[in-house]
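Numbering (the UniProt record's numbering), first residue to last: 1 to 155.
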């Protein structure tokens, strides 16, 4: 029997703008050239074009870069459901690298599978779009919502 998807309702009606603003503040995403492709309640997609300077010795995009974009997709998917005064941090993830990251670009999709008051669990996938839409990696991620913590800015 297939599990039913939870109904995902953002606490903040301005969630999409808040996600976009937070994403734009990430120096790491700018550094690697990643862009936000989709924002929906509990779902985010990030696009990364292929760049030779992001590869490992065999010419594939490095596993660390692949992990970075899917971690962000999962984190922002969770963040999209949180209150306006919240921040989000990853606290655990597991990545399965299923195929070499080769292609003209990559889509990382994060999706909330279990929202919670403090802890949210997400699934992530990275694809190389094209003829076969090849699945490159999967992730299961756990993120925490932070509110009112000194030293951790909102967003």
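From the three backbone atoms N, C-alpha and C, an ideal C-beta is built for every residue, glycine too.
Quick caveat: nothing in here was measured; it's all calculated off a predicted structure.
In or out: residue i buried (at least 16 other Cβ within 10 Å) or exposed?
i, result
"residue 13", "exposed"
"residue 72", "buried"
"residue 75", "buried"
"residue 81", "buried"
"residue 27", "exposed"
Tell me residue i's beta-bridge partners as DSSP assigns them.
i, result
"residue 46", "36 and 108"
"residue 126", "108 and 137"
"residue 55", "61"
"residue 97", "137"
Which residues in the same chain have their Cβ closer than 6 Å to the Cβ of residue i, if we skip the five residues on either side of it in sequence?
i, result
"residue 86", "145 and 147"
"residue 115", "81"
"residue 34", "46, 48 and 69"
"residue 60", "100, 101 and 102"
For my contact list, residue i and residue j are in at a C-beta cut-off of 8 Å; report their separation, rounded to the angstrom.
i, j, result
"residue 65", "residue 54", "5 Å"
"residue 127", "residue 106", "7 Å"
"residue 84", "residue 18", "6 Å"
"residue 90", "residue 143", "5 Å"
"residue 20", "residue 36", "6 Å"
With a threshold of 8 Å on Cβ separation, who are the neighbours of residue i within its own chain once the five nearest residues in sequence on each side are excluded?
i, result
"residue 32", "48, 51, 54, 65, 68 and 69"
"residue 56", "62 and 63"
"residue 133", "127"
If I measure Cβ to Cβ from residue i and keep anything under 7 Å in the same chain, skipping five residues before and after, which residues do I get?
i, result
"residue 29", "23 and 72"
"residue 77", "42, 43, 44, 110, 111, 112 and 122"
Original post:
Is the stretch 41-60 touching the stretch 86-98, taking contact as three or more C-beta pairs under 8 Å?
Top reply: As far as the Cβ criterion goes, the stretch 41-60 does not touch the stretch 86-98, which means the pair count is below three.
Original post:
So does the stretch 12-28 actually touch the stretch 116-123, counting three or more Cβ pairs closer than 8 Å?
Top reply: Under the three-pair Cβ rule at 8 Å, the stretch 12-28 does not count as touching the stretch 116-123.
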